[in-house]
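Structure first, then comments.
Number of protein chains: 2
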Amino acid sequence: MTSPRETTFDFTAEIKRRQKLVDERLSSYIDTADVGDENLRAAMRYSLTSGGKRLRPLLIFAAADAISADGEQYMNSALAIEMIHTYSLIHDDLPALDNDDLRRGKPTNHKAYGEATAILAGDALLTMAFSLLTRENTSPEICRQIIREIADAAGAGGMVGGQALDMAAENKQISLEELKKLHLGKTGALIRAAVRVGAILAAADAKELAALTSYAENLGLAFQITDDILDAVGDTAILGKPTGSDEKNHKSTYVSLVGIDQARQLAQDAVTRALAALCDFDGKAAFLRCLANMILTRQK
Amino acid sequence: MTSPRETTFDFTAEIKRRQKLVDERLSSYIDTADVGDENLRAAMRYSLTSGGKRLRPLLIFAAADAISADGEQYMNSALAIEMIHTYSLIHDDLPALDNDDLRRGKPTNHKAYGEATAILAGDALLTMAFSLLTRENTSPEICRQIIREIADAAGAGGMVGGQALDMAAENKQISLEELKKLHLGKTGALIRAAVRVGAILAAADAKELAALTSYAENLGLAFQITDDILDAVGDTAILGKPTGSDEKNHKSTYVSLVGIDQARQLAQDAVTRALAALCDFDGKAAFLRCLANMILTRQK
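Residue numbers (my numbering), protein chains in the order written: chain Z, 155 to 454; chain W, 155 to 454.
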């Protein structure tokens, strides 16, 4: 009999394998994609292959696993959502926005390729994602559903809207409610979409989709709170970017609003709720459970 | 009996009506869309409603008309492609790219709303377009096809790729072949996609689609050549932007490469070929014929 501890260990190794698989597929996809200019391809490749956590692809796989145990077949959606995440980082880092020089321990895209190419690389990755989604291994009707899910999550009512709120909140004290709304868009929407897309691809029924959506919303919240905690007390070397940037930029964060101890408690509570949402799922939800626990203990 | 001249006149009036219809629908769509930040909505609205020619929506309608005579029903695709065109203008005008202050007689988006908001407004319009496309009045399979058509045309292998080539060509003499390749991406790809999407929505058969594609490719070429001519000898007041910018920016254009007279001839030849591609179509292709003639005589 396998102990719970060993089970967790196995899933951690499996997650690493899947991260590597996503890395490889992203790399081969961009190398052979129809890109009109080689400098543009290099810029897209640079940010796509700079070693992210691949959280959103992992969530697509894991949510599909929870329903039908064959998540990895939905590789196109996994690559597409990572392209959208990557484009958002490239544009967020631009001088006109967060003006960051480092990302994952390397110069940001505009530092490496110049601002114009960075803008175009972001635009191209966002657009490529939608082309990839039309090539997903599913029915046309499900395909239409997942494209809508992702477009709505990534756009003005989700991620881009949250980014606009984030900009408006700079150098301003905002309330915990406003902070939640901002993050619901900026990071929450795409995490939620990842889980829902995995579930929809695996033909989840309405009750399963609702439970997984609740899981995703709580996971997104926990993810953002730990992000704020890491920015306040994380290790620059592990993070690959300077800590303390929120304080320097006078940004309201969970840490600045409620303090580090309560922020940790809020993150723990959110993960508890995420796990509770999975109570009716069997062992096929093990990946999702493992990912929720990883959020709490992550160091980058 | 209606004379050919009167027929042309009627279609010109109909085109104006359709332009107005697109203007109104864009305006009402953005006013009620899910946008997380009102400043972001205002920036999106500003560029969407600043009076473009609506060429790409008109081409979707007209191509569908040529097959099935009911083009206007495909309004969502028409709005979507205009959103993509608008996003491309906003990003092209940015200081890091063309650094333009005026567009259609008004300050460019980043001049009116700042660079950060302009970048996000472009991102949001591009993303919103894909959400709209999933809502088109068609089957899921056709929906998937048109999304792929538009994503591939707008992305790294099409419009964004062409924009990257355009940047790389600045301050450099390029050949006529290189110029053609650049424009095939930068403006040609989305014009081609507009016609093909209209045709696909109206269930064109393979032969019809091939003929309409040839029409579109020649139309796109004619459009770009007249763009270069207008930049060289157009009227600033009618254009809504300064002329002579290509020369100032040392850009290779049809005018700089072959001279104004031969450029006019090339545009005329392309329109002739576009019209020839329609030879097997009946009166339902009148809109397409009218649009081809408008390209040649346009003053903005």
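By construction, the Cβ of each residue, glycine as well, lies at the ideal position given by its N, Cα and C atoms.
Cβ atoms of residue j and residue i: under 7 Å apart, would you say?
| i | j | result |
| --- | --- | --- |
| T271/Z | A187/Z | no |
| R172/Z | L212/Z | yes |
| A365/W | A431/W | yes |
| I328/W | G374/W | no |
| A358/Z | T281/W | no |
| G312/Z | G339/Z | yes |
| L274/Z | Q378/W | no |
| K361/Z | A220/Z | no |
| K265/W | D252/W | no |
| S204/Z | N263/Z | no |
| A353/Z | V314/W | no |
| T341/W | D382/W | no |
| I235/Z | R210/Z | yes |
| M237/W | A283/W | yes |
| A421/W | A376/W | yes |
| L442/W | A232/W | no |
| D191/W | L319/Z | yes |
| I214/Z | V351/Z | yes |
| T288/Z | R302/W | yes |
To the nearest angstrom, report how far apart residue i and residue j are at their CA atoms.
| i | j | result |
| --- | --- | --- |
| A356/W | A348/Z | 33 Å |
| S293/Z | A223/W | 30 Å |
| Q227/Z | S285/Z | 17 Å |
| P158/Z | A343/Z | Residue confidence for P158/Z is low, a pLDDT of 44 falling below 50, so the modelled location carries little weight; the figure read from the coordinates is stated next. Distance between the alpha carbons of P158/Z and A343/Z: 32 Å. |
| R195/Z | V189/Z | 6 Å |
| D434/Z | E295/Z | 27 Å |
| K170/W | T240/W | 19 Å |
| G398/W | R258/W | 15 Å |
| I414/W | D385/W | 11 Å |
| I300/Z | A424/W | 40 Å |
| E371/Z | T390/Z | 28 Å |
| L175/W | A417/Z | 51 Å |
| S182/Z | R199/Z | 10 Å |
| I244/Z | G206/Z | 13 Å |
| G268/Z | D436/W | 51 Å |
| A323/W | T166/Z | 48 Å |
| T426/W | V409/W | 20 Å |
| K470/W | K402/Z | Here chain W has residues from 155 to 454 only, and residue 470/W is not among them. |
| D247/W | P261/W | 10 Å |
| Y369/W | S242/Z | 37 Å |
| E160/Z | E168/Z | Residue placement at E160/Z cannot be trusted, given a pLDDT of 43 that sits under 50; the coordinates are not used to answer. |
| D177/Z | N447/Z | 22 Å |
| D400/Z | V412/Z | 14 Å |
| G225/W | G394/Z | 53 Å |
| K335/Z | N193/W | 16 Å |
| P249/W | P249/Z | 12 Å |
In three-state terms, what does DSSP make of residue i?
| i | result |
| --- | --- |
| P261/W | strand |
| L251/Z | coil |
| L333/Z | helix |
| L363/W | helix |
| L432/W | coil |
With a 10 Å radius around its C-beta and 16 neighbouring C-beta atoms as the bar for buried, classify residue i as buried or exposed.
| i | result |
| --- | --- |
| Q419/Z | exposed |
| E290/Z | buried |
| T451/Z | exposed |
| V387/W | exposed |
| L330/W | exposed |
| K326/Z | exposed |
| A218/Z | buried |
| D164/Z | exposed |
| G428/Z | Sequence inspection shows Ala at residue 428/Z; the Gly mentioned does not correspond to that position. That one is buried. |
| L333/Z | buried |
| T156/Z | Annotation note: pLDDT 40 at T156/Z (below 50); position unreliable, no value reported. |
| H404/Z | exposed |
| D185/W | exposed |
Cβ of residue i versus every heavy atom of the ligand FMN: is any distance shorter than 6 Å?
| i | result |
| --- | --- |
| L243/W | With respect to small molecules bound, the structure shown includes none, and the ligand FMN cannot be examined in it. |
Next on the checklist: Under 8 Å, CB to CB, which of the residues in the stretch 188-200 of chain W have a partner in chain Z?
Outcome noted: From the stretch 188-200 of chain W, only D188, V189, G190, D191, N193, L194, R195, M198 have a Cβ closer than 8 Å to chain Z.
Checklist entry - What residues in the stretch 291-309 of chain Z have a beta carbon less than 7 Å from any beta carbon of chain W? => result If the cut-off is 7 Å between Cβ atoms, the stretch 291-309 of chain Z has P294, E295, C297, R298, I301, R302, A305, D306, A308, G309 near chain W.
Checklist entry - Using a Cβ cut-off of 9 Å, which residues of the stretch 345-372 of chain W contact any Cβ in chain C, in chain order? => result Given the protein chain composition of this structure (Z and W), no chain C is represented.
Item to check | Contacting positions in the stretch 317-336 of chain Z - beta carbon closer than 7 Å to chain W | outcome: From the stretch 317-336 of chain Z, only Q317, A318, L319, M321, A322 have a Cβ closer than 7 Å to chain W.
Checklist entry - Mind listing which residues of the stretch 240-257 of chain W have their C-beta closer than 7 Å to chain Z's C-betas, in chain order? => result The stretch 240-257 of chain W vs chain Z, Cβ under 7 Å: H245, L248, A250, L251.
Item to check | Residues in the stretch 375-387 of chain Z having any Cβ partner in chain W nearer than 8 Å | outcome: The residues in question: there are none.
Item to check | Interfacial residues, the stretch 261-286 of chain W to chain Z, with Cβ spacing under 9 Å | outcome: Cβ contacts with chain Z: H264, G268, E269, A270, T271, A272, I273, L274, A275, G276, D277, A278, L279, L280, T281, M282, A283, F284, S285, L286.
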